[in-house]
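Here is the structure we will look at.
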Amino acid sequence: MLTKEINVRDIIVKSNLPACDYAANPYTGCAHACKYCYASFMKRFSGHDEQWGTFVDIKNWGEIKNPDKYIGKEIFLGSVTDPYQPAEESYQRTRRLLKELQGRDIALSIATKSDLIVRDLDLIKTFPSAKVSFSVNTLDEAFKSDMDCSVSIERKLEAMKKFHDAGVKTVCFVSPIFPEITDCRAIITRVKDICDMVWLENLNLRGEYKPVIMRYIAKKYPQHLKLYNQIYNREDKTYWFNLNNEMTQFCEKDGLKYLSWDEYKDAKFDSVPVVVNFFYHAQIKKSAKKCD
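Its first residue numbered 10, the sequence shown is counted upward by one per residue in this note's numbering.
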């Protein structure tokens with residue numbers, strides 16, 4: 010793993026993401042090396058020619074300017090990197106950022122695939138609106154290992170439970186959903202007692218990792234190759250529309266709230282987990298209305 014330290018002017022930047030006001034990424038690059046990583050586009054801004062997943066830049070910054078301006082705002086840690094990837098264990102850039110923001114009423118949101126985040130549980134608990142998301146898109150360790158170098162599924166679920174038991178809002182991010190490989194119902198059943206919300210997001214193939222995934226499917230899951238061609242080469246969204254219907258029925262039967270992304274914005278965390286549909290939500294919602 011190629012590792013170097015770099016200086017940046019600002020560690021917190023304005024975000025265009027619909028789910029937050031600001032984003033903070035203490036690292037550029039990620040050692041988890043997910044084969045489907047949408048953040049691989051960051052390589053062209055980093056000056057690296059190396060393959061995505063083989064380098065990590067450790068960010069150094071000065072004092073955060075006017076940290077009080079983030080009071081009442083949502084800051085998302087990990088929009089294009091994992092803030093708790095292995096480098097964090099020694100460099101502790103994420104921990105430093107949390108300490109600099111501590112004591113302010115900031116809606117903190119963190120996404121990770123690592124149980125290293127448990128180290129900072131007591132620190133994260135001091136943020137009254139903290140929300141921690143763990144990415145789990147399979148319960149099959151072999152498939153997970155084919156896709157990334159993060160910790161085991163069980164370690165993620167154990168970390169999720171620790172945050173949930175500690176009263177921190179927890180999210181199971183079922184992303185990306187691999188058609189006919191990711192078992193959404195099995196994952197929801199496994200995590201519904203240890204998280205507050207489940208987010209569902211489709212596999213969106215684009216850029217240089219699209220042929221990588223398509224070759225993988227052809228080799229390991231040839232029985233699904235026709236379906237993947239329909240979805241990703243012919244842009245046929247029928248699979249996601251059908252999955253939306255399946256999830257609607259499943260959640261209704263299991264007593265879970267099932268919401269679209271637009272409905273999620275006003276959702277309240279409750280004793281029963283909320284399941285949120287992020288896959289092509291606008292198109293799916295429009296298609297569903299046509300079928301009413």
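Every residue, glycine too, gets a C-beta built ideally from N, C-alpha and C.
Fair warning: this is a prediction, and the values are worked out from it, not measured in the lab.
Subject >> N- and C-terminal bounds of the alpha helix (DSSP H) containing residue 206 >> reply: The residue you call residue 206 lines up with position 197 of the sequence shown. First-last for residue 206: 206-211, but that is the beta strand (DSSP E), not the alpha helix (DSSP H).
Original post:
CB residue 118 to CB residue 150, shorter than 8 Å?
Top reply: Working through the sequence shown from its first residue, we reach residue 118 at position 109. Working through the sequence shown from its first residue, we reach residue 150 at position 141. When the beta-carbon positions are compared, residue 118 and residue 150 stay at least 8 Å from each other.
**OP:** Might you give, ordered along the chain, the residues of its own chain that have their beta carbon closer than 8 Å to the beta carbon of residue 176, omitting 5 neighbours on each side?
**Re:** Locating residue 176 in the sequence shown gives position 167, counting from the first residue. The answer, listed in chain order, is 134.
**OP:** Less than 8 Å between the CB atoms is what I'm expecting for residue 36 and residue 102, so what's the real figure, rounded?
**Re:** In the sequence shown, the residue the question calls residue 36 occupies position 27. In the sequence shown, the residue the question calls residue 102 occupies position 93. The Cβ separation is near 7 Å, so the contact holds.
**OP:** Could you tell me how far apart the beta carbons of residue 168 and residue 142 are, in whole angstroms, since I believe they sit closer than 8 Å?
**Re:** Along the sequence shown, read from residue 1 onward, the residue named residue 168 stands at position 159. Along the sequence shown, read from residue 1 onward, the residue named residue 142 stands at position 133. Between residue 142 and residue 168 the Cβ distance is about 11 Å, and since that is not below 8 Å, they are no contact.
Original post:
Given a threshold of 16 other Cβ atoms within 10 Å of its Cβ, counted over all protein chains shown, does residue 10 qualify as buried or as exposed?
Top reply: Translated into positions along the sequence shown, residue 10 becomes position 1. By the neighbour-count rule (16 or more Cβ atoms within 10 Å), residue 10 is not buried but exposed.
Subject >> Where residue 120 sits in the DSSP three-state scheme >> reply: Translated into positions along the sequence shown, residue 120 becomes position 111. Strand, per DSSP.
Original post:
On the three-pair Cβ rule with 8 Å, is the segment 254-268 touching the segment 235-243?
Top reply: no
**OP:** List the endpoints of the continuous alpha helix (DSSP H) containing residue 193.
**Re:** If you number the sequence shown from 1, residue 193 lands on position 184. Per DSSP, residue 193 belongs to the alpha helix (DSSP H) from 193-200.
Subject >> Start and end residues, beta strand (DSSP E) containing residue 287 >> reply: In the sequence shown, residue 287 corresponds to position 278, counting from 1. Segment: none, residue 287 is in no beta strand (DSSP E) and carries neither H nor E.
Subject >> Top-ranked residue by Cα proximity to residue 308, from 77, 64 and 127 >> reply: As displayed, the chain neither begins before 10 nor continues past 301, which places residue 308 out of reach and without an answer.
Original post:
Are residue 208 and residue 250 closer than 8 Å when you measure CB to CB?
Top reply: The sequence position of residue 208 within the sequence shown is 199, counting from 1. The sequence position of residue 250 within the sequence shown is 241, counting from 1. Not a contact, by the Cβ cut-off of 8 Å.
**OP:** With DSSP as the reference, label residue 15 as helix, strand or coil.
**Re:** In the sequence shown, counting from the first residue as 1, residue 15 sits at position 6. Under the three-state reduction of DSSP, residue 15 is assigned to strand.
Original post:
Can you name, in chain order, every residue of its own chain whose Cβ lies under 6 Å from the Cβ of residue 138, other than the five neighbours on each side?
Top reply: To locate residue 138, count along the sequence shown from 1; it is residue 129. The beta carbon of residue 138 is closer than 6 Å to those of 116 in its chain, skipping five residues each way along the sequence.
Subject >> Residue ranges of each beta strand (DSSP E) within the segment 71-130, 3 or longer >> reply: 83-86 and 116-121
Subject >> 8 Å Cβ cutoff, residue 171 in contact with chain C >> reply: The structure shown contains no chain C; it is built from a single protein chain.
Subject >> 8 Å contact criterion, which residue 246 and residue 205 should meet: CB distance rounded >> reply: In the sequence shown, residue 246 corresponds to position 237, counting from 1. In the sequence shown, residue 205 corresponds to position 196, counting from 1. About 29 Å separates the two Cβ atoms, so there is no contact after all.
**OP:** Could you have a look at residue 1 and say whether DSSP puts it in helix, strand or coil?
**Re:** Since the first residue of the chain shown is 10 and the last is 301, residue 1 is not available in this structure.
Original post:
Bridge partners of residue 66, per DSSP?
Top reply: In the sequence shown, counting from the first residue as 1, residue 66 sits at position 57. Answer is 13 and 37.
Subject >> Exposure label - residue 216; buried when at least 16 CB within 10 Å >> reply: Taking the sequence shown and counting its residues from 1, one reaches residue 216 at position 207. Result: exposed.
**OP:** May I have the straight-line CA-CA distance separating residue 220 from residue 45, to the nearest angstrom?
**Re:** Position 211 of the sequence shown holds residue 220. Position 36 of the sequence shown holds residue 45. One C-alpha to the other measures close to 10 Å.
**OP:** Grab me the residues of residue 196's own chain with a C-beta within less than 8 Å of its C-beta, minus the 5 sequence neighbours each way, in chain order.
**Re:** By 1-based counting over the sequence shown, the position of residue 196 is 187. These residues qualify, in order along the chain: 145, 146, 147, 148, 181, 183 and 207.
Original post:
Looking at residue 212 and residue 187, is the spacing between their C-beta atoms short of 8 Å?
Top reply: One-based indexing of the sequence shown puts residue 187 at position 178. One-based indexing of the sequence shown puts residue 212 at position 203. Contact: yes.
Original post:
Secondary structure at residue 220, three-state DSSP: helix, strand or coil?
Top reply: Counting from 1 along the sequence shown, the entry for residue 220 is found at position 211. Residue 220 falls in the helix class under three-state DSSP.
Original post:
With burial defined as no fewer than 16 other Cβ atoms inside 10 Å of the residue's Cβ, what is the status of residue 33: buried or exposed?
Top reply: Taking the sequence shown and counting its residues from 1, the one referred to as residue 33 is at position 24. Classification of residue 33: buried, given that the 10 Å Cβ count is 16 or more.
Original post:
Would you report the Cα separation of residue 122 and residue 74, rounded to the nearest angstrom?
Top reply: Stepping through the sequence shown from its first residue, residue 122 is reached at position 113. Stepping through the sequence shown from its first residue, residue 74 is reached at position 65. Going by the C-alpha atoms only, they are around 29 Å apart.
Subject >> Cβ separation of residue 76 and residue 113, assumed to be a contact under 8 Å, to the nearest whole Å >> reply: Sequence index remark: in the sequence shown, residue 76 carries index 67 (1-based). Sequence index remark: in the sequence shown, residue 113 carries index 104 (1-based). Correct: roughly 6 Å between the Cβ atoms.
Original post:
Taking the alpha carbon of residue 266 as the point to measure from, which residue in 283, 14 and 244 has its own alpha carbon closest?
Top reply: Translated into the one-based positions of the sequence shown, residue 266 becomes position 257. That would be 283, whose Cα lies nearest to the Cα of residue 266.
**OP:** Express the C-alpha separation of residue 165 and residue 41 in angstroms, rounding to a whole number.
**Re:** The residue given as residue 41 occupies position 32 in the sequence shown. The residue given as residue 165 occupies position 156 in the sequence shown. Each residue's Cα considered, the two are about 14 Å apart.
Subject >> First through last residue of the beta strand (DSSP E) which encompasses residue 186 >> reply: Here residue 186 is taken as the residue at index 177 of the sequence shown, counted from 1. If you look at residue 186, you'll find it in the beta strand (DSSP E) that goes 178-186.
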